[in-house]
Amino acid sequence: MGARKFHDVRAAHHLDIAEHLSAFPDYLDWAIVALFYSAHQCVHSALSGEPELSKDERHPRKHTSYGGDGTGGRGTNQVVRDIFPRQVHLAYRSLFEASMRTRYDFVELGQPYARFRAQRDLVATHCQMLNMTRPDRGTEEP
Amino acid sequence: MTTVESLSFELRGRFQSIASEVQKSHLSVRWEPAPAVVRVGACIEPYSWDGRMAAIESLIGFERDHADEFAVEFDVIPLTSVNDEGFAEA
Chain A
1 MGARKFHDVR AAHHLDIAEH LSAFPDYLDW AIVALFYSAH QCVHSALSGE PELSKDERHP
61 RKHTSYGGDG TGGRGTNQVV RDIFPRQVHL AYRSLFEASM RTRYDFVELG QPYARFRAQR
121 DLVATHCQML NMTRPDRGTE EP
Chain B
143 MTTVESLSFE LRGRFQSIAS EVQKSHLSVR WEPAPAVVRV GACIEPYSWD GRMAAIESLI
203 GFERDHADEF AVEFDVIPLT SVNDEGFAEA
């Protein structure tokens with residue numbers, strides 16, 4: 001059995017949290033964290049059915065790994081870089097970076113929630129489209 | 143051979159090429175050979191949406207061009223924040 005459904009449910013859950021927190025300016029930083037994790041789950045949903053990847057890279061355990069010998073495969077960031085369109089990768093890395101920022105940083109960006117939400121939606125739409133074109137793969141497949 | 147000096151030199155050059163969006167920058171670079179990860183702290187001014195995205199695009203281009211050597215983790219933060227007490231208190 002594949003992991004796609006699990007990741008899709010988590011992605012929706014994290015998006016709900018982000019939308020809820022976005023109503024409170026004091027918690028904007030955590031709203032962005034939830035947006036990133038929603039995008040992260042969308043990516044893992046799509047990777048779960050990726051026909052060209054080994055088990056380790058369909059279910060990356062790290063955000064960051066260059067994927068050389070003994071690393072257990074590329075991290076999620078690097079798989080997204082290598083197999084997703086450039087703009088989707090840029091949006092994903094922006095969200096990842098933003099998930100480590102503070103509310104103080106965001107003050108200088110004005111009201112950035114809508115822009116980060118658009119980046120999350122770009123990633124999510126790409127992943128949903130991929131999932132429509134192919135079945136999931138079993139988590140135990142090599 | 144990968145060194146902090148060689149990485150910093152290349153990154154400074156890449157940031158010069160986005161000077162229209164990022165007028166001032168301070169880069170701190172750490173090289174971790176065992177996991178093969180380059181950690182970059184990029185303080186930029188102005189810290190605007192366009193400046194931030196230009197910096198991120200530059201950093202992921204740097205990673206892409208060295209994909210068989212290392213991965214890159216980065217923070218892009220306002221240059222002013224490192225001198226501001228409010229940054230630590232937020």
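Top to bottom, those sequences are chains A and B.
The numbering of the first sequence is the working numbering, which starts it at 1 and goes up by one.
The numbering of the second sequence is the working numbering, which starts it at 143 and goes up by one.
Note that CB positions come from ideal geometry on N, CA and C, so glycine has one too.
Residues that residue i contacts on chain A, provided the C-beta gap is smaller than 8 Å
{"i": "V250 (chain B)", "result": "In the structure as shown, chain B starts at 143 and stops at 232, and residue 250 (chain B) therefore has no counterpart that could be examined."}
{"i": "A161 (chain B)", "result": "Within chain A, no residue comes near A161 (chain B); the closest Cβ sits about 19 Å away, beyond 8 Å."}
{"i": "I202 (chain B)", "result": "R81, H89, L90, R93"}
Of the listed residues the options, nearest to residue i (C-alpha basis)
{"i": "P177 (chain B)", "options": "A:T64, A:W30, A:R93", "result": "A:T64"}
{"i": "E163 (chain B)", "options": "B:L149, B:G155, B:E187", "result": "B:E187"}
{"i": "L153 (chain B)", "options": "B:L169, B:D210, B:T145, B:M143", "result": "B:L169"}
{"i": "G183 (chain B)", "options": "B:Q165, B:G203, B:S150", "result": "B:S150"}
{"i": "H13 (chain A)", "options": "A:F24, A:S22, A:L35, A:Y27", "result": "A:L35"}
{"i": "T76 (chain A)", "options": "A:N131, A:H40, A:E108, A:F106", "result": "A:H40"}
{"i": "R181 (chain B)", "options": "A:E52, A:E97, A:T125", "result": "A:E97"}
{"i": "V43 (chain A)", "options": "A:T139, A:A18, A:H7, A:R134", "result": "A:H7"}
{"i": "A11 (chain A)", "options": "A:T125, A:D56, A:Y104, A:Y27", "result": "A:T125"}
{"i": "L221 (chain B)", "options": "B:Y189, B:H208, B:S148, B:M143", "result": "B:Y189"}
Distance CB(residue i)-CB(residue j) smaller than 8 Å
{"i": "R194 (chain B)", "j": "V218 (chain B)", "result": "yes"}
{"i": "R81 (chain A)", "j": "H89 (chain A)", "result": "yes"}
{"i": "A91 (chain A)", "j": "Q119 (chain A)", "result": "yes"}
{"i": "G73 (chain A)", "j": "P60 (chain A)", "result": "yes"}
{"i": "I198 (chain B)", "j": "R93 (chain A)", "result": "yes"}
{"i": "G2 (chain A)", "j": "D136 (chain A)", "result": "yes"}
{"i": "V146 (chain B)", "j": "W173 (chain B)", "result": "yes"}
{"i": "F106 (chain A)", "j": "D29 (chain A)", "result": "yes"}
{"i": "S45 (chain A)", "j": "R4 (chain A)", "result": "yes"}
{"i": "D26 (chain A)", "j": "R103 (chain A)", "result": "yes"}
{"i": "V9 (chain A)", "j": "L47 (chain A)", "result": "no"}
Residues that residue i contacts on chain B, provided the C-beta gap is smaller than 7 Å
{"i": "T133 (chain A)", "result": "Within chain B, no residue comes near T133 (chain A); the closest Cβ sits about 25 Å away, beyond 7 Å."}
Chain-ordered neighbours of residue i on chain A, where CB pairs are closer than 7 Å
{"i": "V164 (chain B)", "result": "Neighbours of V164 (chain B) on chain A: none; closest Cβ ~13 Å, over 7 Å."}
{"i": "M195 (chain B)", "result": "S94"}
{"i": "W173 (chain B)", "result": "Neighbours of W173 (chain B) on chain A: none; closest Cβ ~13 Å, over 7 Å."}
Partners in chain B for residue i, counting only beta-carbon separations shorter than 9 Å
{"i": "Q78 (chain A)", "result": "E205, A209, A213"}
Interface partners of residue i on chain B, CB under 8 Å
{"i": "R137 (chain A)", "result": "Near R137 (chain A) there are no residues of chain B at all, since even the closest Cβ is about 25 Å away, more than 8 Å."}
At 4 residues or longer, what runs of the alpha helix (DSSP H) sit wholly inside the region 168 to 203 of chain B? The region 168 to 203 of chain B is shown to contain no whole alpha helix (DSSP H) run of 4 or more residues.
Taking a Cβ distance cut-off of 7 Å, strictly less, list which residues of the region 50 to 75 of chain A are near chain B, in chain order. Of all residues in the region 50 to 75 of chain A, T64, S65, Y66, G68, G75 have a Cβ within less than 7 Å of some Cβ in chain B.
Contained alpha helix (DSSP H) runs [length at least 4] in the region 16 to 58 of chain A, N- to C-terminal order: Runs found: 28 to 48, 55 to 58.
Got a sec: which bits of the region 98 to 111 of chain A sit with their beta carbon under 8 Å from any beta carbon on chain D, in order along the chain? In the structure shown, chain D cannot be found, because the protein chains are A and B.
Completely contained alpha helix (DSSP H) runs for the region 89 to 116 of chain A, where each covers 4 or more residues: Here the runs fully enclosed are 103 to 107.
Compile a chain-ordered list of the residues in the region 116 to 127 of chain A whose CB is closer than 8 Å to at least one CB of chain B. Answer in chain order: no residues at all.
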